[in-house]
Amino acid sequence: MSAPREALPDADGRFGGFGGRYIPETLMPAIAELESAYRSAAADASFQRELDDLLANYAGRPTPLTLAQNLSEQLGPRIYLKREDLLHTGAHKINAVLAQALLARGMGKRRIVAETGAGQHGVATATACALLGMECVVYMGAEDVRRQSLNVFRMKLLGADVRPVHSGSRTLKDAINEAIRDWVTNVATTHYLIGSVVGPHPYPEMVRDYQSVIGREARAQLLELEGRLPTAAVACVGGGSNAIGLFHAFRDDPVRLIGVEAAGEGLDGRHAATLSRGAPGVLHGARSYVLQDPQGQILEAHSISAGLDYPGVGPEHAWLKLAERAEYVSVTDSEALGGFELLCQGEGIIPALEPAHAVAYLPTLAEELGPEDIVLLNLSGRGDKDMGTVAEALGVTL
Amino acid sequence: MSAGDPGDRLARAFARARAEGRPALLPFFPVCWPERDATQEIVRAAVEGGADAIEFGFPFSDPLADGVTNQRAYEEAIANGATLERLFAASADLRAQDVRVPFLIMGYFNPLLAYGAGRFVRDAAEAGIDGLIVVDLPPEEAAEFQALARAAGLHVVYLLAPTSTDERIARVARAASGFIYCVSVAGVTGLRAELPPALPELIGRVRARTDVPLVVGFGISAARHVREVGRIADGAAVGSAFVEVIREAPRERRAERVREFVRGIAGRDPAAPGAD
Ligand SMILES: Cc1ncc(COP(=O)(O)O)c(C=O)c1O
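Protein chains in written order, with the working numbering: chain A, 24 to 421; chain B, 24 to 299.
What follows is the structure, encoded as structure tokens:
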């Protein structure tokens, strides 16, 4: 396990051979403007103060680090949960949303478009727009509108215009296509507020930076509580933002980084395990791993969890995999439901179905570890939004 | 033949249109659509109607620069079994039938990558393709691909948009080959009632920095638009409007409708249907 030698991405937004800016010409100037706004904000103490204030007093940072007592006893290693589920709006997405909304305001853009899968990013975006008085349009695949109807209602209450997308697979990838089409059309007034470490440079780097507060806090909290680093840091991977957010602080530490993808109905059936089963390709502005057929057409992903139901993945994960700095495993829909129940009944915490995938991998990981090991798991969101899906999967009518 | 050679098909097409005092007309439609084997018939009819070049749209599952008309056609073309092999076979077949207008492939990068960039440019050149328009491949990302394409004798056509800064225009002008595709509006492909009022401003800024032919596309839907474009640029690409004509035409009258539409929109004969 060797630590990365240099800071990535490079000036062209490359993580090794991945990343870049594969976008229509119309958007190139907007991307350049965004990058320069992002870099000046990073050096601007008043921007940082305003963001830190919002993260602390509006979103609820720092989030607690909870020792999962019962799970630890049951499985062996000491298991800590980073409680992003306790943030305002219920998931880690709010971290990068507040930062991007402030950036957009600074660029004079008062209209925000966003994509959403599970609805968590859409809810966080609608929330920030309500707070900052901005217009908010959220694109959501028609299939996800159905699965996550509670979040659709929340977004509308917050004043967002939620637009169902009926093209393609009617899920997250199609919502991203539609958000990009809107952005191309309204680029002068509009910021595209991407919800994960995907898209053209600088998004993967920028969203990583805004999410890396997760790992920075968790690392300090663990050192405080245990006086040592974890053996492994574990997170689910959809686009990859909560995973990168956790991993980044540990990149130069002797800590195993483990990303858990959605294996859906199984890796030989319909799934969303892009790193495990995909191949390098270009989707949504970046070169990374994608699920595609031999002709290079993007395949529909499948996962019980709308937030992981995406046939692409952030380019930095592709690089971490190729560099063998991180490991990527996968967990099926039914295993994820097992993880969901494990946390509900074992710890009294109802997780979102996305991090339930990470939880579901714990028993497998624990087989390689002992009581002296520490596992740090990113509990990226809470499960309220998934009550309908879980009830349906368990055959319960609400 | 090699890119930039005055004997190349694209240069000849622009020269002829210019000599006739009109913009070159470049109809666009997806290959293998509406049926898998429809490509040759549509090309022949378009050429008979007066098309100066053909843009073969190669379908992609996630066409983020396209409006609903092309999205739908692309989805259907993929369902029909559109592949690059089939596109190349159709192109080679048309060349064997002595169809001489320039052929371009317009599409997205991933299918070309999946085919293999080196193999793609070689097979495209062999099949009689003249140039490539890859909408999600700006010059920043194109160095390697462009070198391969140039070595195979293919033009790589870049796009410019109303949002392009003067620095970007200069950059694209340096890399330009064949022509520059000027996107008429910030937006996606699709039918539009009017040309955007800012179009002459964009064309003026580009023209000031290059002598390469300029083709205007996105939203060109009527003979009136083509005439307006002809006053400021060298060519007009007609996509969604052409795709709608193909979609609406009954199978047995398709060739005739395509011919009439191209003849009309080219504006050479004001009495032709489609002219307005
Ligand atoms: C709670 C939660 N976790 C994880 C994800 C997956 O996204 P990412 O991989 O970018 O963290 C989502 C996406 O909607 C989510 O809502």
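Glycine included, C-beta positions come from ideal geometry on N, C-alpha and C.
All figures in this text were calculated on a predicted structure; none of them were measured in a lab.
Ligand 3 heavy atom lying under 7 Å from the CB of residue 338 of chain A: Summarising the ligand content, the structure contains ligand 1 and does not contain ligand 3.
Meets three-Cβ-pair contact criterion under 8 Å: the region 79 to 98 of chain A and the region 345 to 362 of chain A: Proximity of the region 79 to 98 of chain A to the region 345 to 362 of chain A falls short of the contact definition, fewer than three beta-carbon pairs being nearer than 8 Å.
Cutoff 7 Å; reference residue 333 of chain A; Cβ partners in own chain excluding five residues on either side: The residue labelled residue 333 of chain A in the question sits at position 310 within the first sequence. Around residue 333 of chain A, the same chain offers 140, 195, 196, 261, 262, 295 and 324 as residues with beta carbons nearer than 7 Å, after the five sequence neighbours per side are excluded.
Any non-hydrogen atom of ligand 1 closer than 7 Å to residue 260 of chain A Cβ: Numbered from 1 along the first sequence, position 237 holds the residue referred to as residue 260 of chain A. Result yes, Cβ under 7 Å from ligand 1.
Residue 101 of chain A, DSSP secondary structure in three states: The residue you call residue 101 of chain A lines up with position 78 of the first sequence. In the three-state DSSP reduction, residue 101 of chain A falls in the strand class (E or B).
Per-residue DSSP class, three states only, for residue 63 of chain A: Here residue 63 of chain A corresponds to residue number 40 of the first sequence, with the count starting at 1. In the structure shown, residue 63 of chain A adopts helical secondary structure according to DSSP, grouped into three states.
C-beta neighbour in chain A for residue 106 of chain B, strict 8 Å: The residue labelled residue 106 of chain B in the question sits at position 83 within the second sequence. Yes, residue 106 of chain B lies at the interface with chain A (some Cβ there is under 8 Å from its Cβ).
Strand pairing of residue 259 of chain B, partner residues [DSSP]: Translated into positions along the second sequence, residue 259 of chain B becomes position 236. The partner list for residue 259 of chain B (beta bridge, DSSP) reads B/48 and B/239.
Residue environment, residue 111 of chain B, which counts as buried when at least 16 other CB atoms sit within 10 Å: Taking the second sequence and counting its residues from 1, one reaches residue 111 of chain B at position 88. Taking a 10 Å sphere around the C-beta of residue 111 of chain B, we find 16 or more other C-beta atoms and assign the residue as buried.
Residue 191 of chain B at chain A interface by Cβ criterion, 8 Å: As a first step, residue 191 of chain B must be located in the second sequence, where it is residue number 168. Yes - at least one Cβ of chain A is within 8 Å of the one on residue 191 of chain B.
Interface positions of the region 77 to 101 of chain B facing chain A (Cβ-Cβ less than 9 Å), listed along the chain: Residues 82, 83, 84, 85, 86, 87, 88, 89, 90, 91, 94, 95, 98 and 101.
Alpha-carbon spacing of residue 51 of chain B relative to residue 101 of chain B, whole angstroms: For the purposes of this step, residue 51 of chain B is identified with residue 28 of the second sequence, where counting begins at 1. For the purposes of this step, residue 101 of chain B is identified with residue 78 of the second sequence, where counting begins at 1. Each residue's Cα considered, the two are about 17 Å apart.
Test: residue 190 of chain A CB closer than 8 Å to a CB of chain B: For the purposes of this step, residue 190 of chain A is taken as residue 167 along the first sequence, with counting starting at 1. Among the residues facing chain B, residue 190 of chain A is included, as its CB has a counterpart in that chain under 8 Å away.
Touching by the beta-carbon criterion (3+ pairs, under 8 Å), the region 271 to 280 of chain B and the region 237 to 253 of chain B: Contact between the region 271 to 280 of chain B and the region 237 to 253 of chain B is absent: fewer than 3 CB-CB pairs across the two stretches fall below 8 Å.
Validate contact between the region 114 to 129 of chain B and the region 88 to 99 of chain B using beta carbons, cut 8 Å, 3 pairs: In this structure the region 114 to 129 of chain B does not lie against the region 88 to 99 of chain B, because fewer than three pairs of beta carbons, one per stretch, are closer than 8 Å.
Residue-level contact to chain E via CB, residue 159 of chain B, 8 Å cutoff: Checking the listed chains, one finds no chain E in this structure; the protein chains it contains are A and B.
Within 9 Å of chain A by C-beta, residues of the region 205 to 233 of chain B in sequence order: Sequence-ordered contacts of the region 205 to 233 of chain B with chain A read 206, 208, 209, 210 and 211 [C-beta pairs closer than 9 Å].
Bounding residues of the alpha helix (DSSP H) (the contiguous stretch that carries residue 138 of chain B): The count along the second sequence starts at 1 and reaches residue 138 of chain B at position 115. Segment 132 to 138, the alpha helix (DSSP H) holding residue 138 of chain B.
Rounded separation between residue 229 of chain B and residue 201 of chain B - CA only: Taking the first residue of the second sequence as position 1, residue 229 of chain B is located at position 206. Taking the first residue of the second sequence as position 1, residue 201 of chain B is located at position 178. Going from the Cα of residue 229 of chain B to the Cα of residue 201 of chain B covers about 15 Å.
Of the residues A/416, A/385, A/404 and A/203, the one placed nearest residue 97 of chain A, counting alpha carbons only: By 1-based counting over the first sequence, the position of residue 97 of chain A is 74. Nearest C-alpha to residue 97 of chain A: A/385.
CA-to-CA distance, residue 189 of chain B to residue 231 of chain B, given in whole angstroms: Taking the second sequence and counting its residues from 1, the one referred to as residue 231 of chain B is at position 208. Taking the second sequence and counting its residues from 1, the one referred to as residue 189 of chain B is at position 166. Taking the Cα positions, residue 231 of chain B is about 10 Å away from residue 189 of chain B.
Residues within the region 118 to 141 of chain B neighbouring chain A, beta-carbon criterion of under 9 Å: With the criterion set as a beta carbon lying under 9 Å from some beta carbon of chain A, the members of the region 118 to 141 of chain B are 131, 132, 133, 134, 135, 136, 137 and 138, in sequence order.
Beta carbon proximity, residue 207 of chain A to chain B, threshold 8 Å: Against the first sequence, residue 207 of chain A aligns to sequence position 184. With 8 Å as the cut-off, residue 207 of chain A counts as an interface residue toward chain B.
CB contact check: residue 114 of chain B to chain A, cutoff 8 Å: Residue numbering aside, residue 114 of chain B sits at position 91 when the second sequence is read from its first letter. Not one chain A Cβ lies under 8 Å of residue 114 of chain B.
Distance CB(residue 405 of chain A)-CB(residue 184 of chain A) smaller than 8 Å: In the first sequence, counting from the first residue as 1, residue 405 of chain A sits at position 382. In the first sequence, counting from the first residue as 1, residue 184 of chain A sits at position 161. Their beta carbons are not under 8 Å apart, which means residue 405 of chain A does not touch residue 184 of chain A by this criterion.
Burial state of residue 189 of chain A, where buried means 16 or more other Cβ atoms lie within 10 Å: As a first step, residue 189 of chain A is located in the first sequence; it is residue number 166 there, counting from the start. That one is exposed.
Which listed residue (A/143, A/415, A/151 and A/40) has its alpha carbon closest to that of residue 81 of chain A: Walking along the first sequence from the start, residue 81 of chain A turns up at place 58. Residue 81 of chain A has its Cα closest to that of A/151, out of A/143, A/415, A/151 and A/40.
Same chain, Cβ closer than 7 Å to residue 221 of chain B, neighbours up to 5 away in sequence not counted: Taking the first residue of the second sequence as position 1, residue 221 of chain B is located at position 198. In the same chain as residue 221 of chain B, and ignoring 5 residues on each side of it, the C-beta atoms closer than 7 Å to its own belong to 185, in chain order.
Contact list for the region 108 to 120 of chain A against chain B, Cβ threshold 7 Å: Within the region 108 to 120 of chain A, no residue has a Cβ that lies closer than 7 Å to any Cβ of chain B.
Beta-carbon neighbours of residue 306 of chain A, restricted to chain B and to distances below 8 Å: Counting from 1 along the first sequence, the entry for residue 306 of chain A is found at position 283. Proximity of chain B to residue 306 of chain A at the Cβ level (cut-off 8 Å) is accounted for by 85 and 133, in chain order.
Close beta carbons around residue 358 of chain A, own chain, < 7 Å, minus the five adjacent residues each side: As a working mapping, residue 358 of chain A is identified with position 335 in the first sequence. In the same chain as residue 358 of chain A, and ignoring 5 residues on each side of it, the C-beta atoms closer than 7 Å to its own belong to 383, in chain order.
Secondary structure, beta strand (DSSP E): runs of 3+ residues fully inside the region 180 to 236 of chain B: Correct list: 203 to 206.
Classification of residue 80 of chain B by the beta-carbon crowding that lies within 10 angstroms, buried from 16 upward: For the purposes of this step, residue 80 of chain B is identified with residue 57 of the second sequence, where counting begins at 1. The residue is buried, with at least 16 neighbouring Cβ atoms inside 10 Å.
Backbone secondary structure at residue 421 of chain A - three-state DSSP: By one-based count along the first sequence, residue 421 of chain A stands at place 398. The DSSP-derived three-state label of residue 421 of chain A is coil.
Three-state secondary structure (DSSP) of residue 127 of chain B: For the purposes of this step, residue 127 of chain B is identified with residue 104 of the second sequence, where counting begins at 1. In this structure, DSSP gives residue 127 of chain B an extended state, which the three-state scheme calls strand.
Where residue 321 of chain A meets chain B, residues with beta-carbon distance less than 7 Å: One-based indexing of the first sequence puts residue 321 of chain A at position 298. Neighbours of residue 321 of chain A in chain B, taken as residues at a C-beta separation under 7 Å, are given in chain order as 84 and 85.
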